[in-house]
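Read through the structure below, which is laid out as structure tokens, and then see the notes.
What follows is the structure, given as structure tokens:
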């Protein structure tokens, strides 16, 4: 569903004139629909780890605290998926992220001789402590800010035929409740419909691991033994 279709659908639900164009429209009401579509998409992108927006990035370390800006590693970077950073050269997890207090404590207690290192994001910069050896291959997953597909991936609409990577009907529901709220009209039912669809999408967005109720092996790989009857 395109930006135009999202806004046309919302307009029909709202009982207002259905636009023929959106992005280049000068109609204040249509411009509101566009703004609400972008606000809804940004809210969803920022608030949740939708699998369609999860990407993998990698870089080679330099032998110093700063590993550069995250935007230089991944130009569409929004935020790191926690617990996803690994040193594949050493087959070891990069610990963290840590907050400001933990970082200062690490700087005061952990020496450069430590075999493990922690990471922190500060001012858009990725910091490691202790400083890692050079040329370690670091991989991590992150959330892309670009939830819109168009001539090029983006976080802002640029044409009526741009599409959302997120559920377009969910975007449309968000436009409807935001428009009603902005007009001072009752919007609670529309908000409930939006939140209900959002919650269903979140449930269905990713697979869930099987949880053993008998306290079985908790390791990721378990025991590599074939099924069978053993005496």
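In UniProt numbering, the protein residues as written are 1 to 231. All C-beta atoms in this analysis are idealised placements derived from N, C-alpha and C, irrespective of residue type, glycine included.
### Query
Which residue from 5, 67, 41 puts its Cα closest to that of residue 144?
41
### Task
Answer with buried or exposed for residue 166, where buried requires no fewer than 16 other C-beta atoms within 10 angstroms of its C-beta.
buried
### Query
Between the C-alpha atoms of residue 45 and residue 69, what's the straight-line distance to the nearest angstrom?
21 angstroms
### Query
Residues in its own chain within less than 6 angstroms of residue 34 by CB, not counting five upstream and five downstream?
22
### Query
Exposed or buried, what is residue 132 when buried is set at 16 or more other beta-carbons lying within 10 Å of its beta-carbon?
buried
### Query
Quick one: what's got a C-beta closer than 7 angstroms to residue 62's C-beta in the same chain, skipping five residues either side?
134
### Message
Can you list, in chain order, the residues of its chain with a C-beta nearer than 8 angstroms to that of residue 180? Leave out the 5 residues immediately preceding and following it.
### Response
Here the set comprises 14, 186, 187, 190.
#### Entry: Whole runs of the alpha helix (DSSP H) within the region 127-194, excluding any shorter than 4 residues
168-182
### Message
Does residue 97 pass the burial test, meaning 16 or more other C-beta atoms within 10 Å, or should it be called exposed?
### Response
buried
### Message
Here's the rule I'm using: 16 or more other beta-carbon atoms within 10 Å means buried, otherwise exposed. How should residue 146 be labelled?
### Response
buried
### Task
Compare the Cα-Cα distances from residue 59 to each of 156, 17, 126, 103 and report the closest residue.
126
### Message
According to DSSP, simplified to helix, strand and coil, what is residue 40?
### Response
helix
### Task
Label residue 94 either buried or exposed according to how many other C-beta atoms from any shown protein chain fall within 10 Å of its C-beta, with 16 as the threshold for buried.
buried
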